[in-house]
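If you count the sequence shown from 1, position 222 lands on 222 in my numbering, and the numbers rise without skipping.
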Amino acid sequence: MSKLAVNLSMIFTEVPLIERFALAREHGFQHVEIQFPYELSIEQIQTQLTLHQLSLCLINVPAGDLMQGGNGLAGVPGKEIEFHHALELAIRYATALNVPSVNILAGKQPVDADLLPCLNTLAENLKLACSMLTQHHIQPVFEMINGTDMPRFLVQNIAQAQEMLEAVKHPALKMQYDCYHMAMMGEDVLSALQENIQDIGHIQFADNPGRHEPDSGELDYTTIFKWLQHSAYSGYIAAEYRPSLASNQSFAWKDKYFPSNQSG
1 MSKLAVNLSM IFTEVPLIER FALAREHGFQ HVEIQFPYEL SIEQIQTQLT LHQLSLCLIN
61 VPAGDLMQGG NGLAGVPGKE IEFHHALELA IRYATALNVP SVNILAGKQP VDADLLPCLN
121 TLAENLKLAC SMLTQHHIQP VFEMINGTDM PRFLVQNIAQ AQEMLEAVKH PALKMQYDCY
181 HMAMMGEDVL SALQENIQDI GHIQFADNPG RHEPDSGELD YTTIFKWLQH SAYSGYIAAE
241 YRPSLASNQS FAWKDKYFPS NQSG
C-alpha cells in the first residue's frame, strides 16, 4: 500500500518552515517531503521529525539558480563540479535524516546552448547521482516539469523521461511523477501512471488547472487514487499543491480519499 505525505515547501507556508512539521502532524500526516531543506540544519530537522514522529520521505538536490529563474545545474554544461557539490550536500542530509529518495531536477536548456549537449550532461550527472546515492541505499528519481510553468525545462513529458531512462541505463533510477505537471503537458494522467508505474519511484499530486488541492479542478482523483491504492505501487504519494485558501482549510480530500487508517 502506498504512503501519504505532505509537501512542506508548498503547504503550511503561512508559517516558517521549522513550524510546518507540527502542523503536518496536527493534520494527521506521518510523512513529509521538502523541496530544498537546506535553510534548516540537519539537527533542526531531526529535532522536528523526532518531536512530531514524522519521517522525511523526499528532498531535492540543490538546483542552483533554477527556482530564481535561472537554468539550474544538472543539465547545464560547465556546471558539473557545482552539481557534484550539490549532490554531496543532498547526500549528507538524506543519510543523516533517513530520507529514502532524492530528486534530481534536470534544469533548463540555456538559451545559448544546443539541446543535445544539455541532455548528454544531464545523463552523465544522473549516472553520477545513481552511483553515489545507491551507495547509501537512497532511491534516485528525476522529475518531469511542464514547459508552461518552466519554459525550456529539459524533461517535460513521459516520452522524454523514458528516453532519459534509456540513456542512463541504471536500474535504480526512476521517474518522479507529478500529476499536475503531466496534466499540464496534456498527458492522460491515469493512463500514463498505469503504463509507467514500474518506472515511477515517487508520486506527487495537485489539481489542474490552478495547481490547488484535489477536487478544485478537473482531474478525476476519485479514479486516480482508487487505482493507486489497489495497484502494486508501494511508494509515497505526496500532496504538493498551492492551497486555494488557508492550508488548514484545504484537506477535505484527505478524509475523502485517505481515511485515517490508510494515511500510512
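Where a beta carbon is used, it is the ideal one built from N, C-alpha and C, also for glycine.
How long is the line joining the alpha carbons of residue i and residue j, rounded to whole angstroms?
i	j	result
N261	A252	Residue confidence is low: N261 scores 43 on pLDDT, short of 50, so the model does not pin down where it sits. Its coordinate-derived value is still stated next. Rounded to whole angstroms, N261 to A252 spans 16 angstroms at the Cα level.
Q156	I18	32 angstroms
I197	M144	14 angstroms
T95	F258	29 angstroms
A246	F21	16 angstroms
N208	G217	5 angstroms
D114	H85	25 angstroms
D220	G28	24 angstroms
Y38	A24	19 angstroms
Buried or exposed, going by whether 16 or more other CB atoms sit within 10 Å of the CB of residue i?
i	result
H230	exposed
T13	exposed
Q68	exposed
E187	buried
If you check the beta carbons only, do residue i and residue j fall under 9 angstroms apart?
i	j	result
V15	A239	no
G107	F153	yes
T223	L173	no
G235	S9	no
S119	A159	Inspection of the sequence shows that residue 119 is occupied by Leu rather than by Ser. No, Cβ-Cβ distance for L119 and A159 is not below 9 angstroms.
M184	N146	yes
P140	H170	yes
L54	Q30	yes
L133	I81	no
- Where are the beta strand (DSSP E) runs, 3 residues long or more, that stay fully inside the segment 77 to 122, in chain order? If only complete runs of 3 or more residues are kept, the segment 77 to 122 shows the beta strand (DSSP E) at 101 to 104, in order along the chain.
- Item | Entirely enclosed alpha helix (DSSP H) segments - the segment 10 to 73, minimum 4 residues | If we require 4 residues or more, the alpha helix (DSSP H) runs fully inside the segment 10 to 73 come out as 20 to 26 and 42 to 51.
- Query: Are the segment 49 to 63 and the segment 92 to 111 in contact at 8 angstroms, needing three or more beta carbon pairs?
  - Reply: Flag = yes, the segment 49 to 63 and the segment 92 to 111 touch.
- Item | contact_flag[the segment 163 to 181, the segment 198 to 213] where n(CB pairs < 8 angstroms) is 3 or more | Output reads yes: the segment 198 to 213 touches the segment 163 to 181.
- Message: Threshold first: 3 residues or longer. Then list the beta strand (DSSP E) segments lying entirely within the segment 151 to 228, N to C.
- Response: Look at the segment 151 to 228 and you find these whole runs of beta strand (DSSP E), each 3 residues long or longer: 174 to 178 and 200 to 205.
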